[in-house]
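Asker:
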Amino acid sequence: MNVVVIGSGVMGPGIAQVFLMGGHRVIMTDIKVEALAEGTKEIRNSLNLMVAKGIIDQDVTALMSNFQTMTSLEEAVKDADLVVEAIPEVISLKQQIYGSLDQFCPKDTVIVSNTSALPLPEIFPNFRPGNFFVAHFMNPPQIIPLVEIVKNDKTNPEKVAWLRAELEKCGKKPIVVNQFVKGFLTNRMQTAMAREGLSLYEKGIISLEDLDIANTACIGFKSAWQGTLETMDYIGLDTCAFAYNVIFPDLCNETTVPSIVTEKVKEGKLGLKTGEGFFKYSEEDAMARQEGLLEQLKLYNTYLNK
Ligand code: NAD
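Using my numbering, the first residue of the sequence shown is number 1472, and each one after it goes up by one.
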């Protein structure tokens, strides 16, 4: 099929790579030529790394021959079967893009937004009703298997089933969220965990270093192999019920952003992109994370992708 990815920033190139690996023709479009050049380089490097690690055995040159970039949206989408919008989270920008897509896309094109937070089909109820919904890829999209497909009142269920099947053929593991909720599923779960951990830190009960060790050495270590409910089954539901009874009333239910986060933001310590957030990062750290995630993807594909 013909896939068009709009936006060549943090997410667009990885999303384009997913569909290239699935054997589709992909056009990536952006208003900035430099962003398209950078995105193309990222895709080629990432494909080469996946070949080197034995994750894919496809010919990178052949895959890249199915890939084009262009700045003209009209030209890019004229034969599109699927459009994935991955431009910044600014409503006026999204509105402008949807106006153009409505004008230039064939009438059956499925159009999805990669938004992390905006209820776009509710904000733009007249934009391609039925064929417009959310498909939320995770960062980095070419590696993390999950995609959250988020339905709205008007979503055509056949289009959801179609997209789900296409994503599965591309090696992804989509789930369906039946209606828009802020944060969808994964960000709600991650946010709940971050709120609790940071609350314990702010009370002086745990250090930042030990907070993250609890994740990599236990919660995440096991979660990579078993879901929340399977974990409960392994514990024993009677034990869970007992523990929840004691712990639930004691959990943090703050509704404001923890002060350590707002302070870091004020100091310009934004995380990897500025070299420091809670911890310090180098280029090598980012590369090591990417390599680690690729090793995890190999394990996932071998043992878990049932
Ligand atoms: P980004 O700012 O890194 O990249 C956006 C790109 O869109 C830029 O290259 C910009 O030049 C381009 N752009 C802006 N206006 C455009 C237009 N009118 N036409 C074409 N291109 C245009 O953004 P991102 O982090 O890749 O996020 C994109 C979307 O994905 C957002 O909705 C975001 O919430 C969501 N998302 C981001 C992440 C993440 O980790 N960054 C994860 C999941 C979802």
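Ideal Cβ placement from N, Cα and C applies to all residues, glycine included.
Being a predicted model, the structure only gives us computed values, none of them experimental.
On the criterion of 16 or more Cβ atoms from any shown chain inside 10 Å, does P1577 qualify as buried, or is it exposed?
Answerer: Burial call: exposed.
Asker: I'd like to confirm the pairing. Which residues does DSSP put opposite V1504 in its beta bridges?
Answerer: For V1504, which the question treats as bridged, DSSP gives no partner whatsoever.
Asker: Taking E1545 as part of the alpha helix (DSSP H), name the residues at either end of that continuous run.
Answerer: 1544-1548 is the extent of the alpha helix (DSSP H) around E1545.
Asker: Indicate the three-state DSSP secondary structure (helix, strand or coil) for E1556 in the structure shown.
Answerer: Residue state, collapsed to three classes: strand.
Asker: Between the C-alpha atoms of L1741 and F1749, what's the straight-line distance to the nearest angstrom?
Answerer: Taking the straight line joining both Cα atoms gives about 8 angstroms.
Asker: Cβ-heavy atom distance between G1480 and the ligand NAD below 8 angstroms?
Answerer: Yes, the ligand NAD has a heavy atom inside 8 angstroms of this Cβ.
Asker: Do the CB positions of N1627 and N1602 come within less than 9 angstroms of each other?
Answerer: Contact: yes.
Asker: Leaving aside the five residues before and after K1644 along the sequence, list all residues of the same chain whose C-beta is less than 6 angstroms from its C-beta, in chain order.
Answerer: Excluding residues within five positions, the ones whose Cβ falls inside 6 angstroms are P1616, L1617.
Asker: So, helix, strand or coil for V1497, using DSSP?
Answerer: Strand, per DSSP.
Asker: Using the C-alpha atoms, what's the distance from F1719 back to L1682?
Answerer: Looking at the two C-alpha atoms, the distance is approximately 19 angstroms.
Asker: I believe L1457 touches I1582 by the beta-carbon criterion, under 8 angstroms. Please report the beta-carbon distance rounded to the nearest angstrom.
Answerer: The chain is shown from 1472 up to 1777; residue 1457 falls before or after that span and cannot be answered.
Asker: Any heavy atom of the ligand NAD within a distance shorter than 8 angstroms of the CB on G1742?
Answerer: No, Cβ of G1742 sits at least 8 angstroms from all heavy atoms of the ligand NAD.
Asker: From L1671, P1559, N1597, K1503, pick the residue whose C-alpha is nearest to that of S1730; which is it?
Answerer: Answer by Cα proximity: L1671.
Asker: Using the Cα positions of E1509 and G1707, report the straight-line distance between them to the nearest angstrom.
Answerer: Using only the alpha carbons, I get a separation of about 50 angstroms.
Asker: Looking only at its own chain, which residues have a Cβ that is under 8 angstroms from the Cβ of L1679, when we skip the five neighbours before and after it?
Answerer: Cβ neighbours of L1679 beyond the five flanking positions: Y1672, F1749, F1750.
Asker: Going by the C-beta, is F1608 closer than 8 angstroms to any heavy atom of the ligand NAD?
Answerer: Yes, the ligand NAD has a heavy atom inside 8 angstroms of this Cβ.
Asker: Between the Cα of G1478 and those of L1564, D1709, M1492, spot the shortest distance and give me the residue it belongs to.
Answerer: When each option's Cα is compared against that of G1478, the closest is L1564.
Asker: Please report the straight-line C-alpha distance between L1544 and D1756, rounded to a whole angstrom.
Answerer: Their Cα atoms are separated by approximately 36 angstroms.
Asker: Using beta-carbon positions only, say whether V1497 and V1475 come within less than 9 angstroms of one another.
Answerer: Yes, Cβ-Cβ distance for V1497 and V1475 is below 9 angstroms.
Asker: In the DSSP assignment, find the unbroken alpha helix (DSSP H) run with F1603 in it and report its ends.
Answerer: From DSSP, F1603 is part of no alpha helix (DSSP H) but of the beta strand (DSSP E) over 1603-1608.
Asker: Among T1500, A1533, S1694, P1600, which residue has its Cα nearest to the Cα of G1493?
Answerer: Residue A1533 is the option with its Cα nearest to G1493.
Asker: Do the CB positions of V1489 and Q1613 come within less than 9 angstroms of each other?
Answerer: Against a cut-off of 9 angstroms, the Cβ pair of Q1613 and V1489 comes out as a contact.
Asker: Could you check the C-alpha separation between L1700 and A1663 for me, to the nearest Å?
Answerer: Looking at the two C-alpha atoms, the distance is approximately 16 angstroms.
Asker: Starting from F1538, trace the alpha helix (DSSP H) both ways and give me its first and last residue.
Answerer: Where F1538 is concerned, there is no enclosing alpha helix (DSSP H), although the beta strand (DSSP E) it sits in stretches over 1538-1541.
Asker: E1560: beta carbon under 8 angstroms from a heavy atom of the ligand NAD?
Answerer: Result yes, Cβ under 8 angstroms from the ligand NAD.
Asker: For the ligand NAD, is there a heavy atom less than 8 angstroms away from the beta-carbon of Q1761?
Answerer: No, the ligand NAD has no heavy atom inside 8 angstroms of this Cβ.
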